[in-house]
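Scroll down for the structure; my scribbles are underneath it.
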Amino acid sequence: MFSAETLQKFAREVAKYPADQRQSATMSCLAHAQEEKGWLPSEAIEAVADYLGIAPMAVYEVASFYNMYDLKPVGKYKITVCTNLPCALSGGYHAGEYVQKKLGIGYGETTPDGKFTLKEGECMGACGDAPVFIVNNRSMCSHMHPEQIDKLLEECK
Amino acid sequence: MAMLGSINGVLMEGLDGDNTWHLKDYVARGGYAQLKRILETKMTQEDVISEVKKSVLRGRGGAGFPTGLKWSFMPRSFPGDKYVVCNTDEGEPGTFKDRDIMRYNPHAVIEGMAIAAYAMGANRGYNYVHGEVWHEYKRFEEALDEARAAGFIGQNILGSGFNFELFAHHGYGAYICGEETALLESIEGKKGQPRFKPPFPASFGLYGKPTTINNTETFASIPFILKMGGEEFLNLGKPNNGGTKLFSVSGHVNRPGNYEIPLGTPFATLLEMCGGMRGGRKLKAVIPGGSSAPVMPGEVIMDCTMDYDSISKGGSMLGSGAVIVMDETVCMVKALERLSFFYHEESCGQCTPCREGTAWMYKVVHRIENGLGKPEDLDLLNSVLGNIAGRTICALGDAAAFPVQSFIKHFGKEFEYHIENKTCLVPKDVQWAGSGFHKIPA
Ligand SMILES: Cc1cc2nc3c(=O)[nH]c(=O)nc-3n(C[C@H](O)[C@H](O)[C@H](O)COP(=O)(O)O)c2cc1C
Ligand code: SF4
Ligand code: FES
Numbered sequence: 663m664f665s666a667e668t669l670q671k672f673a674r675e676v677a678k679y680p681a682d683q684r685q686s687a688t689m690s691c692l693a694h695a696q697e698e699k700g701w702l703p704s705e706a707i708e709a710v711a712d713y714l715g716i717a718p719m720a721v722y723e724v725a726s727f728y729n730m731y732d733l734k735p736v737g738k739y740k741i742t743v744c745t746n747l748p749c750a751l752s753g754g755y756h757a758g759e760y761v762q763k764k765l766g767i768g769y770g771e772t773t774p775d776g777k778f779t780l781k782e783g784e785c786m787g788a789c790g791d792a793p794v795f796i797v798n799n800r801s802m803c804s805h806m807h808p809e810q811i812d813k814l815l816e817e818c819k
Numbered sequence: 004m005a006m007l008g009s010i011n012g013v014l015m016e017g018l019d020g021d022n023t024w025h026l027k028d029y030v031a032r033g034g035y036a037q038l039k040r041i042l043e044t045k046m047t048q049e050d051v052i053s054e055v056k057k058s059v060l061r062g063r064g065g066a067g068f069p070t071g072l073k074w075s076f077m078p079r080s081f082p083g084d085k086y087v088v089c090n091t092d093e094g095e096p097g098t099f100k101d102r103d104i105m106r107y108n109p110h111a112v113i114e115g116m117a118i119a120a121y122a123m124g125a126n127r128g129y130n131y132v133h134g135e136v137w138h139e140y141k142r143f144e145e146a147l148d149e150a151r152a153a154g155f156i157g158q159n160i161l162g163s164g165f166n167f168e169l170f171a172h173h174g175y176g177a178y179i180c181g182e183e184t185a186l187l188e189s190i191e192g193k194k195g196q197p198r199f200k201p202p203f204p205a206s207f208g209l210y211g212k213p214t215t216i217n218n219t220e221t222f223a224s225i226p227f228i229l230k231m232g233g234e235e236f237l238n239l240g241k242p243n244n245g246g247t248k249l250f251s252v253s254g255h256v257n258r259p260g261n262y263e264i265p266l267g268t269p270f271a272t273l274l275e276m277c278g279g280m281r282g283g284r285k286l287k288a289v290i291p292g293g294s295s296a297p298v299m300p301g302e303v304i305m306d307c308t309m310d311y312d313s314i315s316k317g318g319s320m321l322g323s324g325a326v327i328v329m330d331e332t333v334c335m336v337k338a339l340e341r342l343s344f345f346y347h348e349e350s351c352g353q354c355t356p357c358r359e360g361t362a363w364m365y366k367v368v369h370r371i372e373n374g375l376g377k378p379e380d381l382d383l384l385n386s387v388l389g390n391i392a393g394r395t396i397c398a399l400g401d402a403a404a405f406p407v408q409s410f411i412k413h414f415g416k417e418f419e420y421h422i423e424n425k426t427c428l429v430p431k432d433v434q435w436a437g438s439g440f441h442k443i444p445a
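The listed protein sequences correspond, in order, to chains A and B.
Using this note's numbering, you'd call the opening residue of the first sequence number 663 and step up by one each time.
Using this note's numbering, you'd call the opening residue of the second sequence number 4 and step up by one each time.
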C-alpha cells in the first residue's frame, strides 16, 4: 500500500512514543499517507490502522476530526486561504475573491482539469503576513497580493 | 515575518532571522549554560522552581497562570514516567509569536523544557506543533537532533544521571487542540476532545501520568530567568506582571509583526513601534489578547498599558498577547460574524451548550449582517450567551461568548442600525479601505 519511504517515516513516528502507545502515531502516519496518496481513501486509513495494530474506526475518527486530512480526492494543488478576522483585516477576503475569480471556482471546489482545489481556512498562526495561503498543507505563502497570487498559480505546474 | 522591534528584548534579542537558530549560535549567545549550571552544581528542584516563582512569569498561552506555582503542583517523586508538554498549537486567531520562537530560537524552547523536566522530575516530553506550521515543525526536529547529538537531551544528560527524552508531535488542523487536555488526547492519537477537570493533568495527564503543559513562550523564557535571576526578570516588567512578552500585532497598522516589550509598556508605545495606523486612519477598536478576548474601544486601550492587570482593568484580557487592531473602516457586525463562524466551526461538539450555542450565535449574527436581523435578536444573543457561560467542559464556550458580549456592549449601535436599516452603519464603499490589499483593475 505504501512506499518504502513512507513506511520509513511511519517507523520514525512510532519510535517517538512509548512502545505500548503506537496509537499516538496515528496523526502523523495519516499525514504521511496523505502526502503519498494525495488524499485518504479508506484503504489507506485501514492500512494505517493495520500498521499501528489498532481498530480502523479509531483511525477514521482521527481522519475525520482534523481539518487538514482529505477524505475525498483533491486537486494536485490544494490552496487553503485564511479568511479569519486578523487576515481579513489585511486583505484575506480580497485575496480569496481574487483567487476564486482567477480559477473560476468557489471554496470547496476543484477545477475541471483537477489541478486546483480551493479551501477556506482558519488562523494559520501567520496573521502578521496576511493575506496567507497554504499549498498542500505544507507550504505557507505570505503577503498574497494579486502579483504574488499570479506568480503562485503560474508556478503550480 | 520577523521580529520587528523590541524594548529590553530578552527572548528574541541578538537574533539574525533565519541565520542564527542552530545550536552553535544558541551556545554562542550563552545558550544551554543554565542547564549545564543546574546539573553541574546539582541545584535542587525547589531552588529552580523558586527562581521561576520569583520571576512572576505568568503563562504565555492565554490564561496567565503563574508558571512557578503550576510547576509546584507536579508530584515530583511519583514513581514512573512523568511528562512536560509544550503547547505550540498556536491557533488562537491573531497569535503568531510561537511560530517565530520556533523558527528563530528553537533551542531556547528545548533548554527551557529540559530545565522544566529537571525541576519537576519529568523524564519525557513532547512539543505539540500547530498543523499548519510545517517548516517550523521540521526545524524543531532538526534542533532536537542537534541537542541530542550534543548531549543536552537524552539519557544521562552531561553525565549527571538526569534523563529527558523530547520529541515533536505535529497537529493537523483543530483549534481545540490548543486546550491542554484536548492536546493530550491528540498526542494519544485520538480526536482532540477536552477532558473533564478534575483530575488535572498534574495528577492524570498524558497516558494517565503526571504532566505539566506550558506554552512555547513560557518555556523559552525559562533559561533567561535562570540566567538573570527571577528578580531581575520580574523587574523588567512590573509587579505581578514579570518580564518581557511578545506581542503579535495584526490588522490595521503599518507594520504588523511581533514585538517584544516589557509588560507594562503603554499601548500607545506599541502602536507607535508598529508605525501607527495604516493610512493614518482612526483607531476604532482593539482585541488585545487573541480573538477570545473581549474587544476594547480604541480610546479605552489608548489609556492602558500592555500587561495582565491593566488590560483586565480595561475590561478585557491579555490572553496570548495577540493584538488585533481595527480602524474606523471596519463594520463590527461583519467582524463579529467571522469570529462567530470560527467558534461554531471549531467547537468539538461534546457539550450541548457550546455546540448549539455557537451555532445559534453564528446564525443570528450572520442574519443581522445580511440584513435579515429581527428587533429581538440582540436579546436572543444575550440569552444564548447566558446559556453557555460556565456550563461547558472547556473554556472554548466562554471564549466564543466573550467576543459577542463585548461587541454588543461597546458597538451595540452598529448592531441596532443593521437590524433597523438592513445595512451597515459604516458605509459599504469605505469598508475594508484599510486592508491594504493591492487592488488591480478588474
Ligand atoms: C479553546 C482553547 C484554545 C487554546 N489554545 C492555546 C494555544 O494555542 N496555545 C497555548 O499555549 N495555550 C492555549 N490554550 C491554553 C491552554 O489550555 C493552557 O492553558 C496553556 O497551554 C498553558 O500554558 P501556560 O500556562 O504556559 O500559558 C487554549 C485554551 C483553550 C480553552
Ligand atoms: S466547550 Fe465546546 S469545545 Fe469545549 S469541550 Fe465543550 S463542546 Fe468541546
Ligand atoms: S488569521 Fe490568518 S493566519 Fe491568523
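Ideal Cβ placement from N, Cα and C applies to all residues, glycine included.
query	result
Going by C-alpha distance, which of B:Q408, B:T426, B:P204, B:V51 is nearest A296 of chain B?	B:Q408
Are the region 799-810 of chain A and the region 67-87 of chain B in contact at 8 Å, needing three or more beta carbon pairs?	no
Please check if any C-beta of chain A sits within less than 8 Å of the C-beta of G278 of chain B.	no
Is M630 of chain A a contact residue of ligand 3, with contact defined as CB to any heavy atom under 7 Å?	This structure gives no information on residue 630 of chain A, because the portion of chain A shown stretches from 663 to 819.
So that I know if they touch, is there some Cβ in chain A lying closer than 8 Å to that of S224 of chain B?	no
Thinking C-beta only, is V761 of chain A closer than 8 Å to L780 of chain A?	yes
Taking buried to mean at least 16 other C-beta atoms within 10 Å of its own C-beta, is M123 of chain B buried or exposed?	buried
Give a yes or no on whether 8 Å exceeds the smallest Cβ distance from A31 of chain B to chain A.	no
Any C-beta of chain A within less than 8 Å: which residues of the region 191-205 of chain B qualify?	E191, G192, K193, K194, G195
Around the C-beta of Q696 of chain A, are 16 or more other C-beta atoms found within 10 angstroms, so that it is buried, or is it exposed?	buried
Have a look at G360 of chain B and H369 of chain B and give me their C-alpha separation to the nearest angstrom.	14 Å
Say whether chain A places a C-beta atom closer than 8 Å to the C-beta of G8 of chain B.	no
Quick one: grab the DSSP three-state call for K734 of chain A.	coil
From the DSSP output, read off the bridge partner residues of H173 of chain B.	B:V132
Could you please give me the residues that DSSP links to R32 of chain B through a beta bridge?	DSSP, once it has assigned bridges, lists no residue as partnering R32 of chain B.
So is V743 of chain A in contact with chain B if we call contact Cβ pairs under 8 Å?	no
Would A445 of chain B be called buried (16 or more neighbouring beta carbons within 10 Å of its own) or exposed?	For A445 of chain B, the predicted model reports a pLDDT of 40, less than 50, meaning its position is unreliable; a value from the coordinates is still stated below. Exposed, by the Cβ-count rule.
According to DSSP, is I190 of chain B helix, strand or coil?	helix
Tell whether a beta-carbon distance below 8 Å holds between E144 of chain B and R102 of chain B.	no
Which residues in the same chain have their Cβ closer than 7 Å to the Cβ of G376 of chain B, if we skip the five residues on either side of it in sequence?	R370, H421, I422
So, using beta-carbon positions, are Y86 of chain B and T214 of chain B closer together than 8 Å?	yes
Taking 8 Å as the cut-off, does the region 783-791 of chain A touch the region 741-757 of chain A (at least 3 CB pairs, one atom from each stretch)?	yes
Among B:V429, B:Q158, B:G134, B:F99, which has the Cα closest to the Cα of A120 of chain B?	B:Q158
Would you say G790 of chain A touches ligand 2, meaning its beta carbon is less than 7 Å from a heavy atom?	no
Under three-state DSSP, which class holds E93 of chain B?	coil
On a Cα-Cα basis, can you pick out the residue from B:D148, B:F167, B:H173, B:E168 that is closest to H133 of chain B?	B:H173
If we call anything under 8 Å between Cβ atoms a contact, is G400 of chain B one with C354 of chain B?	yes
May I ask you to check if the CB of D310 of chain B is nearer than 7 Å to at least one heavy atom of ligand 1?	no
Taking CB distances under 8 Å as the criterion, tell me whether F99 of chain B reaches chain A.	yes
Is G246 of chain B near ligand 5, in the sense that its beta carbon is under 7 Å from a heavy atom of that ligand?	Because ligand 5 does not appear in the structure shown, any question about it cannot be addressed here, the ligands present being ligand 1, ligand 2 and ligand 3.
By the 10 Å Cβ neighbour count, where 16 or more other Cβ atoms means buried, how is K764 of chain A classified, buried or exposed?	exposed
Given I443 of chain B, which residues of its chain have a CB within under 6 Å of its CB, disregarding the five upstream and five downstream residues?	Because I443 of chain B sits at a pLDDT of 44, beneath the cut-off of 50, its placement in the model cannot be relied upon, and the point is left open.
Could one say the Cβ of S846 of chain A lies closer than 8 Å to chain B's Cβ atoms, at least one of them?	For residue 846 of chain A there is no data in the structure shown, the boundaries of chain A being 663 and 819.
Step through the CB atoms of chain A and report whether any lies within less than 8 Å of the CB of S80 of chain B.	no
Mind checking the region 334-347 of chain B against chain A and listing, in chain order, the residues whose C-beta falls within less than 8 Å of any C-beta there?	A338, R341, L342, F345
How far does the alpha helix (DSSP H) with N2 of chain B in it reach, from first residue to last?	Coverage of chain B is limited to positions 4 through 445, which leaves residue 2 of chain B absent and any answer about it impossible.
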